[in-house]
Structures are given as C-alpha cells and as structure tokens.
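Protein chains: 2
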Amino acid sequence: MQPTLNTLEGLKVACSNCNLRELCMPTGFNKDEMQKLDEVVEKRRRVKQGEALFSSGEAFTSLYAIRTGFFKTCVISEDGREQVTGFQMAGEIIGMDGIVSDHHNCSAVALEDAEVCVMPFSDIENLSRELPGLQRHVHKIMSREIVRENGVMMLLGNMRAEERLAAFLLNLVQRLHARGLSQSELVLRMTREEIGSYLGLKLETVSRAFSKFSEEGIIEVKQRYVKIVAPDALKKIFNPQTYY
Amino acid sequence: MQPTLNTLEGLKVACSNCNLRELCMPTGFNKDEMQKLDEVVEKRRRVKQGEALFSSGEAFTSLYAIRTGFFKTCVISEDGREQVTGFQMAGEIIGMDGIVSDHHNCSAVALEDAEVCVMPFSDIENLSRELPGLQRHVHKIMSREIVRENGVMMLLGNMRAEERLAAFLLNLVQRLHARGLSQSELVLRMTREEIGSYLGLKLETVSRAFSKFSEEGIIEVKQRYVKIVAPDALKKIFNPQTYY
DNA sequence: GTATTCATTTGATTTGCGTCAAAGTTTTCT
DNA sequence: AGAAAACTTTGACGCAAATCAAATGAATAC
C-alpha cells in the first residue's frame with residue numbers, strides 16, 4: 223500500500239460539509255455527533271478508470287462511500303464467467319459483501335475516474351454502538367442492498383430482454399435525477415457488454431433492444447448518450463399490467 | 223392479531239439451551255451475555271404449511287429465526303409475476319428485507335408446518351449496542367444474504383438450466399448436511415414450479431432436467447425424494463472448468 | 001494524422017427453453 | 001373409499017435470445 227498515492231493530502235475530509243451527506247449519511251445529528259461521524263472517514267482514495275477499488279478475495283477492511291465517479295461490482299465464477307451485480311454512483315456505499323467472511327466476495331471497478339471516502343468498518347461498528355442513528359443507517363443500507371438484489375432477481379428470472387432494459391434505464395435515470403441531473407438525458411458509463419452482463423443478456427441483444435426503442439421513438443441513442451423521449455412508454459414496457 | 227394462537231405458552235423460550243444456537247446466534251458469549259441474548263427472543267410463533275409468516279407490504283417489526291420447518295421468500299411484481307428469492311431452513315434468519323423501509327418487501331411462506339423465534343428488531347438493535355459480538359453477528363447475517371443473492375444473480379444471468387439445477391441441489395444438500403442430515407439424500411419441500419421460479423425456469427424445464435440427471439445416473443428421483451448418486455458429476459455440471 | 005484497438009450495429013442462422021397439450025401420479029377432501 | 005384437485009412427466013412445436021459473422025464507428029496509441 224502506498225497511502226501517498228491514494229490519499230488526498232491537504233483536503234479537509236469531513237462529512238459535515240459534504241454536499242453528498244444526505245445521500246450516504248444519516249440525517250438529524252447534532253454538531254457533536256456530526257463531528258464524531260467525520261472521524262469515521264479515515265481518508266479519501268482516488269481510483270482511475272478501469273482500476274479496482276477492491277477485488278474478490280481481498281481482505282475486507284472498509285466500506286466506501288462514492289464521492290465522484292461510477293463503479294460496477296461483479297462476481298466471477300470459477301470457470302471465468304463474469305456477472306455484473308450492480309452499478310454504483312456518487313453517494314452510494316459499497317463493500318458490504320466483505321463483512322460476512324472478512325474477504326470481499328466481489329470486485330468493484332471504476333468505470334470512470336472516481337474518488338471514494340474510506341470508512342474502516344471497525345470504526346463504523348464502534349461508533350454505531352454510540353450513535354443509534356448511525357447504527358440504524360448501517361442496517362438500512364444493507365437491507366436496501368438486499369431489496370435491490372431481490373428486484374434484480376425478478377428482472378433476471380421473469381422479464382424479457384426489452385423489459386429488462388427498460389427497467390435498467392428507468393432505474394438509472396431516477397438515481398441520476400435524485401442527484402440533481404436530468405431525468406430524461408444520461409450518458410452511460412458502461413459498455414453494452416456490461417449492461418448485458420448485469421441484465422443477463424448478450425451485448426447484441428442489448429444493442430438490438432436499444433435500436434428497437436429508438437425506432438419506436440421511445441428513446442434517442444447515440445452511442446453512450448441516451449435521451450428518454452417517452453418515459454411512460456418505457457414504464458409500460460417494464461410494467462405492462464399497470465397500463466392495461 | 224391473536225397472540226394466543228401464535229405463541230407457545232408454557233415453553234421456555236431460550237437460546238441458551240437451543241440446539242440451533244450455533245447456527246443462528248453468535249458464539250463465544252459468557253453466561254451473563256447469553257442471558258441477555260435470551261431476552262431478545264420475545265416469543266415463538268407457529269406457522270402452518272401454506273401460511274405467510276409475513277407478507278410484502280406489511281409493517282416490519284421483527285426478524286425471525288427458523289426453529290423448525292421450511293420457508294420460501296418471494297417478491298411479486300405489480301403485474302403479478304412471482305419470483306421466489308430464496309428457500310430457508312432451520313437456523314436461518316429471515317425478515318431483513320423489511321429494515322430499509324419499515325415494511326416488508328417480500329413474503330415468507332411456510333412450505334411445511336414451521337416454528338420461528340420472533341426477535342423484535344428494536345430489541346436486537348438495543349442489545350447489539352451493548353454486545354459487540356451480537357452487533358457483528360447481525361452485520362454478518364445481512365452481508366451473507368447479500369453474498370448469497372450475488373450468487374443467485376450469477377446463476378440467473380450466466381448459467382444454463384442444468385447448471386442451475388445442479389447448483390440448487392448441491393446447495394440444498396450442503397445446508398441440510400450442516401444440520402446433521404444426509405449429504406446425499408433429501409426430500410424437497412417445494413414444488414417443481416417453485417424451484418423453477420427460484421431458478422428462472424419453467425416447471426417443465428425443471429422436470430426435464432431432473433429426468434435427464436436421473437437417466438444419466440447422477441441422481442435418483444421419485445417425486446420429492448432425491449438421492450444424489452454422483453455428487454462429483456453434479457459439481458462438474460455446475461462448474462465445468464474445475465474438472466477440465 | 002494515421003494505425004490499431006475497442007465498441008457498436010445489423011444480418012443470418014441456430015438453439016435452449018417456453019408454450020401447449022395430454023396423460024399419469026400423488027395428495028387432499030368429502 | 002372414491003372423487004377432485006394438485007403436482008409431475010413427457011412429447012410436439014414455436015420463439016426469443018444466443019451465436020456467428022461482417023461492417024462501421026469511435027477512442028487510443030504511436
């Protein structure tokens with residue numbers, strides 16, 4: 223480890239004046255509690271595009287709050303098949319897969335240059351014994367991940383290609399919108415192949431579904447740029463029943 | 223609610239002399255700590271075959287430790303498609319999906335008459351601030367669920383029908399073996415349709431895969447009874463690479 | 001600025017699983 | 001015990017997505 227390479231020297235690392243606070247930290251703390259919270263963030267770490275924040279099998283030490291950038295998490299089977307298990311953006315917490323065995327079960331790779339807050343898990347555990355609000359927050363974050371994965375299982379087990387892609391796009395744009403970005407335009411940070419891996423499809427199938435949506439006037443696509451022209455049509459594809 | 227129907231009166235509810243303790247509770251506690259742990263289990267509750275322990279949308283109050291019986295958990299999409307997200311047996315903890323929103327996101331249905339220990343989550347949170355061992359255990363249980371679901375995503379996204387069924391059987395028999403049962407024989411508690419839902423397959427496909435394994439002499443099947451004759455062959459199907 | 005690599009699109013063909021159907025078996029109900 | 005309902009198996013056929021293939025476009029390196 224070469225901390226000087228990964229740590230941002232001279233930058234005040236503090237949640238209390240971070241504009242992502244409401245996304246990744248619990249709310250409703252007083253000044254004293256907020257100060258303690260600040261100390262959980264040991265340091266920051268930059269991860270270049272294509273690099274791994276952590277890799278499957280590595281010792282688990284910390285959770286990471288994404289400050290900037292975009293990640294994918296993936297598991298690899300023994301015979302080399304890769305499954306993307308999620309895409310994560312600013313304000314989201316990753317690394318919880320490592321708690322159960324003290325080793326990471328998946329890898330987190332930056333899809334664009336990124337910066338994360340390193341939060342040693344033992345510190346989180348210590349402080350969350352003092353601060354019930356933090357304790358509850360940690361529980362909620364893990365529960366949210368369980369619920370998210372339930373949703374992916376529904377996608378993979380029950381939905382057809384176009385339904386999966388519609389759900390994927392709606393989910394992405396909704397999360398970006400929650401971060402102050404457009405609710406109709408987005409630039410994909412991942413390849414068709416990575417989308418396909420996440421959705422249990424081959425890249426050609428993903429490409430065809432994009433083209434189909436485009437032909438139908440539901441979206442406009444130019445490579446990684448996507449504009450959602452008819453969100454209701456997408457929602458209808460994702461969930462036919464609601465629109466009888 | 224009719225507590226008298228669900229509570230087992232006159233039974234001493236205590237983890238300290240429960241033979242499943244090592245499966246669902248943390249180890250290494252002294253007498254005093256063990257006694258506190260006992261108090262987390264508010265009561266027990268019986269669930270008849272086919273009944274729901276909790277249902278999607280219901281208010282979340284407690285986690286449940288399965289004492290006897292067998293459950294499935296499932297989510298239902300708005301248009302009515304059901305996805306089985308897991309099968310749970312004695313010693314396993316369910317209900318963590320409800321923490322994030324204070325409402326359950328999935329339903330837990332008993333596949334045979336069952337008995338669970340009801341553990342109010344607020345009590346768990348309170349006590350785990352006192353007992354770091356319990357705190358760590360709660361984190362591990364949730365992390366284990368995340369990791370399990372990662373594995374299911376790999377199954378659903380990358381594997382073919384027979385690989386999925388092989389993985390399913392190996393996983394089931396391994397968990398049963400950890401509970402003192404045979405590592406080669408099992409009686410399925412779920413229908414072909416429920417297996418199919420979990421594995422993202424139709425019941426006919428599951429049935430055909432069973433028949434194929436049977437014809438090849440890998441397993442013996444008679445309805446719900448399954449005997450694994452050639453476990454290595456199953457492992458090879460699940461994970462071709464390892465056996466070059 | 002050109003070459004090389006990587007990503008995407010689109011077409012032709014194949015295939016694994018789904019769908020439909022019917023018969024057999026087991027369990028449940030009366 | 002007998003009838004009804006639920007579950008399972010097996011076969012024939014269809015289709016959605018995978019595979020194979022080739023061309024185009026974009027990004028990166030030299």
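Residue numbers (the numbering used here), protein chains in the order written: chain A, 223 to 466; chain B, 223 to 466.
Cβ atoms here follow ideal geometry from the backbone N, Cα and C, with glycine treated the same way.
Min CB distance residue i to chain A below 8 Å
{"i": "residue 453/B", "result": "no"}
{"i": "residue 248/B", "result": "no"}
{"i": "residue 358/B", "result": "yes"}
{"i": "residue 354/B", "result": "yes"}
{"i": "residue 450/B", "result": "no"}
{"i": "residue 397/B", "result": "no"}
{"i": "residue 268/B", "result": "no"}
{"i": "residue 461/B", "result": "yes"}
{"i": "residue 223/B", "result": "Caution is warranted here: a pLDDT of 41 is assigned to residue 223/B, below 50, making its placement in the model unreliable, and the coordinate value is therefore given only provisionally. Not one chain A Cβ lies under 8 Å of residue 223/B."}
Residue i at chain B interface by Cβ criterion, 8 Å
{"i": "residue 366/A", "result": "yes"}
{"i": "residue 303/A", "result": "yes"}
{"i": "residue 318/A", "result": "yes"}
{"i": "residue 347/A", "result": "yes"}
{"i": "residue 322/A", "result": "yes"}
{"i": "residue 351/A", "result": "yes"}
{"i": "residue 226/A", "result": "Because residue 226/A sits at a pLDDT of 41, beneath the cut-off of 50, its placement in the model cannot be relied upon, and the following sentence gives the value as read from the coordinates. No, residue 226/A lies away from the interface with chain B (no Cβ there is under 8 Å from its Cβ)."}
{"i": "residue 456/A", "result": "no"}
8 Å contact criterion, which residue i and residue j should meet: CB distance rounded
{"i": "residue 436/A", "j": "residue 428/A", "result": "The Cβ separation is near 13 Å, so there is no contact."}
{"i": "residue 376/A", "j": "residue 310/B", "result": "The pair is not a contact, with the Cβ atoms about 18 Å apart (cut-off 8 Å)."}
{"i": "residue 456/B", "j": "residue 391/B", "result": "6 Å"}
{"i": "residue 266/B", "j": "residue 322/B", "result": "That belief does not hold up - the Cβ atoms of residue 266/B and residue 322/B are roughly 26 Å apart, past 8 Å."}
{"i": "residue 365/A", "j": "residue 356/A", "result": "So it is not a contact: roughly 15 Å between Cβ atoms."}
{"i": "residue 317/B", "j": "residue 285/B", "result": "4 Å"}
{"i": "residue 338/B", "j": "residue 287/B", "result": "6 Å"}
{"i": "residue 460/A", "j": "residue 389/A", "result": "5 Å"}
{"i": "residue 260/B", "j": "residue 238/B", "result": "6 Å"}
{"i": "residue 283/A", "j": "residue 342/A", "result": "6 Å"}
{"i": "residue 379/B", "j": "residue 387/A", "result": "That belief does not hold up - the Cβ atoms of residue 379/B and residue 387/A are roughly 14 Å apart, past 8 Å."}
Exposure label - residue i; buried when at least 16 CB within 10 Å
{"i": "residue 277/B", "result": "exposed"}
{"i": "residue 289/B", "result": "buried"}
{"i": "residue 294/B", "result": "buried"}
{"i": "residue 241/B", "result": "exposed"}
{"i": "residue 330/A", "result": "buried"}
{"i": "residue 447/A", "result": "exposed"}
{"i": "residue 302/A", "result": "exposed"}
{"i": "residue 454/A", "result": "exposed"}
{"i": "residue 404/B", "result": "exposed"}
{"i": "residue 407/A", "result": "exposed"}
{"i": "residue 299/B", "result": "buried"}
{"i": "residue 418/A", "result": "buried"}
{"i": "residue 367/B", "result": "buried"}
{"i": "residue 263/B", "result": "buried"}
{"i": "residue 252/A", "result": "exposed"}
{"i": "residue 399/A", "result": "exposed"}
{"i": "residue 372/B", "result": "buried"}
{"i": "residue 348/B", "result": "exposed"}
{"i": "residue 438/A", "result": "exposed"}
Check: residue i C-beta below 7 Å from any heavy atom of the ligand HEM
{"i": "residue 300/A", "result": "What this structure holds is no ligand at all, so the ligand HEM is not there to describe."}
Just list the alpha helix (DSSP H) runs in the region 375 to 434 of chain A, keeping only unbroken ones of 4 residues or longer that don't cross its boundaries, in chain order.
383 to 399 and 414 to 421
Tell me which residues of the region 410 to 438 of chain A have at least one Cβ-Cβ distance to chain B shorter than 8 Å, keeping chain order.
419, 420, 421 and 422
Contact set between the region 360 to 389 of chain A and chain B, restricted to residues whose Cβ is under 7 Å from the partner
Listed by position along the chain: 361, 362, 364, 365, 366, 367, 368, 369, 371, 372, 374, 375, 376, 378, 379 and 380.
Just by C-beta distance, which residues in the region 324 to 335 of chain A are closer than 8 Å to chain B?
327 and 328
The region 275 to 305 of chain A: positions lying closer than 7 Å to chain B by Cβ:
297, 299, 300, 301, 302, 303 and 305
Please list the segments of the beta strand (DSSP E) lying wholly inside the region 280 to 312 of chain B, counting only runs of 3 or more residues, in order along the chain.
For the region 280 to 312 of chain B, the continuous beta strand (DSSP E) assignments of 3+ residues that do not extend past its boundaries occur at 284 to 298 and 304 to 311, in sequence order.
Mind listing, in chain order, the continuous beta strand (DSSP E) runs of no fewer than 3 residues lying wholly within the region 244 to 282 of chain A?
265 to 269 and 274 to 276
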